[in-house]
Each structure stands twice: as C-alpha cells, then as structure tokens.
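Below is one structure; the comments refer to it alone.
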Amino acid sequence: LRIQQRKNLLCTLMLSLGVPMISGGDEVGRTQKGNNNAYCQDNEISWTDWNFNEKEKEFLSFVQKLASIRTSQVVLQRRKFFKGQIRIGPSQKKDIIWLNADGTEMKQTDWEDEERRHLAVIYEGGHMDEMDEEGNEVIGNTLLLLLNSHWKEKQFILPPSQVDKYWRMFAPQMTDKTWKLLIETTGELSPSCWEPQSQFKLGPRSLALFELQDKDENTLPDSI
Numbered sequence: 343l344r345i346q347q348r349k350n351l352l353c354t355l356m357l358s359l360g361v362p363m364i365s366g367g368d369e370v371g372r373t374q375k376g377n378n379n380a381y382c383q384d385n386e387i388s389w390t391d392w393n394f395n396e397k398e399k400e401f402l403s404f405v406q407k408l409a410s411i412r413t414s415q416v417v418l419q420r421r422k423f424f425k426g427q428i429r430i431g432p433s434q435k436k437d438i439i440w441l442n443a444d445g446t447e448m449k450q451t452d453w454e455d456e457e458r459r460h461l462a463v464i465y466e467g468g469h470m471d472e473m474d475e476e477g478n479e480v481i482g483n484t485l486l487l488l489l490n491s492h493w494k495e496k497q498f499i500l501p502p503s504q505v506d507k508y509w510r511m512f513a514p515q516m517t518d519k520t521w522k523l524l525i526e527t528t529g530e531l532s533p534s535c536w537e538p539q540s541q542f543k544l545g546p547r548s549l550a551l552f553e554l555q556d557k558d559e560n561t562l563p564d565s566i
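Okay, so the sequence shown: first residue is 343 according to our numbering, each after it adds one.
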C-alpha cells in the first residue's frame with residue numbers, strides 16, 4: 343500500500359499543470375527519514391544508494407513511464423490556466439471537465455459532499471488556446487483521469503454520459519473513439535482500450551489515466 347500511495351502522489355504531481363518539483367532520489371523512493379535539512383548532511387541521510395533492489399527498480403520503471411507520458415502529452419504542458427468554460431467556435435467544448443463516477447458533470451452540491459472519495463477529470467486537448475512558434479494552433483490529445491481515495495474499489499462509467507445534457511451533443515462524435523489506458527497505480531492492469539460509456543472498476547486508493555484515441559479495428563475494447 344505504501345508503494346501504491348507513492349505512485350499516487352507522483353502521478354498527482356506529474357499529471358498536474360506547472361513544473362513538477364521532484365527531488366533527486368524520489369524516482370526510487372529514497373527517504374531522508376523526515377529530515378528536511380539534509381543539504382548539510384554528508385552521510386547516509388543525504389546519500390543515494392545506486393544499488394537498487396527489485397522494488398526500487400520497479401518503482402523507477404513506473405516513474406520513467408510517467409515522465410514519458412508527461413513529456414509526450416501537450417495538454418499537460420499548457421501554459422495557461424484552465425477556465426472550465428465552453429469554447430466559442432465549432433467544438434463548443436470545455437477545456438476541463440470534472441466528472442462524477444457515472445460520467446455526469448459535477449455540480450456544486452457534488453463538490454460539497456463531505457463523504458466523496460472519488461472524482462474524474464477530462465483535459466480537453468482540442469481546447470488549448472495556445473499557438474506554437476509558427477503561429478499554428480496547438481492541438482493535443484484528450485486525457486481522462488480517474489481518482490479513487492476510498493479503501494474500496496469504485497465503478498466508473500467512461501464518458502460521454504448518456505444522461506448529461508453537456509455530453510449528449512458530443513456522443514455521436516465518440517462512436518469511432520476509444521479510451522486507451524495509459525497508466526494506473528495498482529499494477530494489476532496492462533495498457534488496454536475501453537469503449538466510451540463502458541464500466542471501469544478502479545481499485546482502492548488508486549488512479550488511472552486514459553487517452554482518447556481513434557478506434558483501431560484490430561483492437562477489441564475491454565470491459566470490467
């Protein structure tokens with residue numbers, strides 16, 4: 343559980359906007375045993391043991407994969423804050439959407455629910471409002487992040503929701519799309535594709551990241 347929570351914390355950092363502040367050794371779970379002033383310690387507290395055991399090697403591999411996702415996904419490198427507003431234009435999509443487990447958009451009462459231990463968020467790659475060096479609009483991939491801090495598993499319905507007013511207008515555009523699982527923190531699932539509106543069981547105290555892709559006829563979507 344401790345290793346899984348470390349993965350959760352690193353994912354929360356690496357999948358957020360801004361510069362990820364990571365100390366050397368975090369990628370293998372190095373500890374300073376609570377000492378926040380290790381810069382003045384020239385001993386085992388501040389040293390890094392490069393003879394990694396199997397657990398440290400596995401954790402390093404996870405962080406490397408996470409870093410690769412971070413650097414390859416333009417939407418995670420955006421330089422402007424999210425607004426959560428519908429874009430004026432043909433797409434009419436929001437740049438960020440917070441979702442309930444059933445795929446519907448969260449309302450104020452959902453945010454005020456003290457018993458809530460889960461949520462989902464979509465980073466819309468087609469709503470960056472940024473230009474590259476040549477003056478072209480920056481377009482990235484759309485990402486879906488599921489989070490569950492409860493000690494029990496939680497079932498999510500992958501968007502678009504059939505009952506949500508916002509999503510109904512986009513449902514026809516999703517028929518040729520699939521959600522590809524990029525990374526998750528339980529270590530129990532491998533990269534796989536999931537149909538929109540399918541059910542996905544997220545393990546206790548874990549998170550999962552998906553990328554919206556064109557449906558590959560040779561890839562059969564999974565379902566849990």
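Ideal Cβ positions, reconstructed from N, Cα and C, are used throughout, including at glycine.
By DSSP's assignment, leucine 486 forms a beta bridge with Ile464, Phe552. For lysine 522, the enclosing beta strand (DSSP E) covers residues 519-526. Leaving aside the five residues that flank methionine 448 on each side, the residues in its chain whose CB is nearer than 8 Å to its CB run, in chain order, Trp440, Leu441, Asn442, Leu461. Residues of the same chain with a CB within less than 7 Å of the CB of lysine 496, apart from the 5 flanking positions on each side, are Ala443, His460, Asn490, Leu544 in chain order. The closest CA to that of aspartate 368, considering only Leu359, Leu485, Asn379, Phe401, is found on Phe401. DSSP places isoleucine 499 inside the beta strand (DSSP E), whose first and last residues are 496-499. By the criterion of a C-beta distance shorter than 8 Å, phenylalanine 423 is surrounded in its chain by Leu359, once the five residues flanking it on both sides are discounted. Lysine 522 sits buried, since 16 or more C-beta atoms from the chains shown fall within 10 Å of its C-beta.
The criterion of a C-beta distance shorter than 8 Å is satisfied by serine 548 and glutamine 346.
The beta carbon of leucine 531 sits closer than 7 Å to the beta carbons of Leu523 from its chain, once the five residues preceding and following it are set aside; these are given in chain order. Inside the region 344-368, DSSP marks whole alpha helix (DSSP H) runs of 4 or more residues at positions 344-356, from first to last along the chain. With a 10 Å radius around the Cβ and a threshold of 16 neighbouring Cβ atoms, isoleucine 525 comes out buried.
In the three-state scheme derived from DSSP, where H, G and I count as helix and E and B as strand, isoleucine 481 is classed as coil. In the DSSP assignment, phenylalanine 404 falls within the alpha helix (DSSP H) that extends over 396-414. Listed in chain order, the non-local C-beta contacts of arginine 372 below 7 Å within the same chain comprise Thr390, local neighbours out to five positions each way being set aside. Here DSSP, grouped into helix, strand and coil, assigns glutamine 541 to strand. With fewer than 16 other Cβ atoms from the protein chains shown falling within 10 Å of its own Cβ, leucine 343 counts as exposed. Residue pairing for tryptophan 440: DSSP places it in a beta bridge opposite Val463.
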